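Data block below; observations after.
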Amino acid sequence: MEKSATRVIDVNAAIVRQHGRGRLLVVKGKDRGESIAVGDHPITLGSGSGSDVLLSDPTVSRRHLGVSPGEDGVIVRDLGSTNGSFVQGARFQELTLGFGAEVTIGHTVLKYVPDEEALDPMPAEEEAFGSLVGRDPKLRKLFRLLGDVAASDATVLLEGETGTGKELLAEEIHRHSTRRDGPFVVFDCGAVPSELIESALFGHVRGAFTGAISDRRGAFAEADGGTIFLDEIGELSTEVQPVLLRALDKHAIRPVGGASYEKVSVRVVAATNRNLRNETTAKRFREDLYYRVAVVRVSVPALRQRLDDLPLLVDHFVHQFCGDRPIRVSDQDLQLLKQHAWPGNVRELRNVIERACALSHDNRLDLDEAFELLPGAGAGAPTGEQVTGVDIDLPFKLAKARVIDAFERAYIQGVLARHKGNLSAAARSAEVDRKHFRELLRKHGLRESPDS
């Protein structure tokens with residue numbers, strides 16, 4: 059997988075590209091803050107004049123460490139030092155470092171980190187990237203970059219709030235890639251119990267654990283030759299993260315209970331509603347895994363950050379749900395939509411327009427009743443009294459669907475608020491499976507706490 063073309067897109071479409079072979083940053087010791095470039099030629103580190111890079115630490119040997127470029131990172135060799143060289147407390151003679159790894163020589167700690175270069179691309183002329191539409195420059199810059207990135211095998215990390223279209227972006231990256239004829243496999247890291255997630259990702263052999271009555275292929279094997287979308291990667295437990303890192307580094311997987319690795323050719327696109335940079339600082343997400351999945355990092359803007367796209371999105375969804383019916387959206391209705399905070403982002407807007415299309419019987423989009431079900435619209439989210447109200451002017455099925463929809467939203471909002479946004483606690487209180495509770499949140503365009 060490509061390491062030399064890492065790019066980061068923030069909500070203002072600023073791009074940072076990781077390039078070259080990175081650098082060794084002194085994070086502890088007398089030379090703390092110093093940076094050592096790692097290029098295409100070997101270098102030596104030590105405290106003596108015979109080394110290419112001189113360190114002030116007297117516990118470092120005169121010629122202590124050799125550093126040379128490798129295919130999958132940087133190769134470090136102990137050059138017969140007195141005090142030894144260590145990674146994670148283990149002494150070594152030679153090994154390959156990936157981004158985020160730390161090596162200790164004497165009292166000095168060096169971290170291998172990528173170089174970054176700020177870029178600012180021109181917006182794409184097109185107002186669409188496959189099934190995604192956007193007129194805002196932030197979106198069109200994103201479209202241009204992802205169009206270029208899709209042609210490579212670079213791993214991509216999509217960061218953004220729930221409902222911003224991360225899964226659709228992942229699917230379009232796959233469709234625009236050379237792997238388009240291969241499988242596109244979606245794996246929700248937050249929907250599988252932690253004790254089963256390794257098996258779900260990499261498969262297992264018969265007898266590997268209680269209940270493993272036959273061999274099973276995992277998501278990576280199913281995605282062989284195509285793309286795997288790791289949704290909510292920030293939910294992965296710290297126990298599973300090293301296994302995923304190993305699979306990405308080796309381009310191979312080992313089923314639970316298996317004796318050997320199996321090569322797989324998989325392009326990885328990951329997504330999260332968390333800030334993984336902050337998660338690495340808090341030690342909840344491995345830094346070396348972060349660098350591995352963030353070869354291209356994209357921060358997908360929220361709908362409230364691009365409200366000028368509302369008319370385009372509304373037209374897009376009206377055409378999707380109403381077909382060729384000549385539906386008109388008034389300026390007053392568009393203004394009403396712009397005044398809403400859209401906590402559920404584009405997914406929430408899509409649900410509203412779908413509901414409005416179902417309720418519209420003439421050539422004008424009926425947003426009044428559809429919008430009443432939105433939190434913060436009109437008098438607010440539906441209360442228990444509002445939920446029990448039945449509109450007998452509607453057909454039975456439609457009236458029933460509206461009541462159920464309003465009840466679900468009100469109940470899920472209420473129980474989530476009671477537990478301060480903690481999804482797991484709310485699901486336990488409601489006696490609902492965590493996966494199903496998450497599905498209800500997504501259905502209604504609601505957001506969970508980042509700490510859930």
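The sequence shown maps to residues 59 to 510 in the working numbering.
Positions of the beta carbon are idealized from the N, C-alpha and C atoms, including for glycine.
Every value quoted in this text rests on a predicted model; they were computed, and no experiment measured them.
Starting from residue i, follow the beta strand (DSSP E) in both directions and report where the run begins and ends.
{"i": "residue 255", "result": "Where residue 255 is concerned, there is no enclosing beta strand (DSSP E), although the alpha helix (DSSP H) it sits in stretches over 255–260."}
{"i": "residue 94", "result": "93–95"}
{"i": "residue 143", "result": "143–145"}
Considering Cα atoms alone, identify which of the options is closest to residue i.
{"i": "residue 87", "options": "106, 125, 168", "result": "168"}
{"i": "residue 165", "options": "233, 395, 113", "result": "113"}
{"i": "residue 274", "options": "268, 262, 180", "result": "262"}
{"i": "residue 213", "options": "123, 325, 250, 104", "result": "325"}
{"i": "residue 272", "options": "282, 257, 330, 406", "result": "257"}
{"i": "residue 259", "options": "302, 462, 479, 485", "result": "302"}
{"i": "residue 248", "options": "306, 494, 405", "result": "494"}
{"i": "residue 190", "options": "405, 107, 316", "result": "405"}
{"i": "residue 281", "options": "348, 310, 402, 193", "result": "310"}
With which residues is residue i paired in a DSSP beta bridge?
{"i": "residue 357", "result": "217"}
{"i": "residue 160", "result": "169"}
{"i": "residue 153", "result": "134"}
{"i": "residue 112", "result": "104"}
{"i": "residue 128", "result": "131"}
{"i": "residue 123", "result": "103, 136"}
{"i": "residue 86", "result": "167"}
{"i": "residue 148", "result": "145"}
Is residue i near residue j, with beta carbons less than 7 Å apart?
{"i": "residue 243", "j": "residue 277", "result": "yes"}
{"i": "residue 125", "j": "residue 101", "result": "yes"}
{"i": "residue 172", "j": "residue 150", "result": "no"}
{"i": "residue 362", "j": "residue 400", "result": "yes"}
{"i": "residue 188", "j": "residue 241", "result": "no"}
{"i": "residue 79", "j": "residue 93", "result": "no"}
{"i": "residue 121", "j": "residue 104", "result": "yes"}
{"i": "residue 337", "j": "residue 292", "result": "yes"}
{"i": "residue 245", "j": "residue 288", "result": "yes"}
{"i": "residue 154", "j": "residue 133", "result": "yes"}
{"i": "residue 395", "j": "residue 368", "result": "yes"}
{"i": "residue 268", "j": "residue 358", "result": "no"}
{"i": "residue 152", "j": "residue 330", "result": "no"}
{"i": "residue 215", "j": "residue 352", "result": "yes"}
{"i": "residue 181", "j": "residue 195", "result": "yes"}
{"i": "residue 159", "j": "residue 170", "result": "yes"}
{"i": "residue 140", "j": "residue 119", "result": "yes"}
{"i": "residue 498", "j": "residue 462", "result": "no"}
Does any residue of chain C bring its CB to less than 7 Å from the CB of residue i?
{"i": "residue 81", "result": "Considering every chain present, this structure includes no chain C. It has just one protein chain."}
List the endpoints of the continuous alpha helix (DSSP H) containing residue i.
{"i": "residue 411", "result": "403–417"}
{"i": "residue 535", "result": "Outside the shown range of the chain (59 to 510) lies residue 535, about which nothing can therefore be said."}
{"i": "residue 376", "result": "368–380"}
{"i": "residue 351", "result": "345–351"}
{"i": "residue 336", "result": "334–339"}
{"i": "residue 488", "result": "481–488"}
{"i": "residue 493", "result": "492–501"}
{"i": "residue 394", "result": "389–396"}
query: Can you list the alpha helix (DSSP H) stretches of 4 or more residues lying completely in the stretch 277–332, in chain order?
result: 277–280, 299–308
- request: Let me know the alpha helix (DSSP H) ranges lying completely inside the stretch 223–253, each 4 residues or longer, listed in chain order.
  value: 224–233
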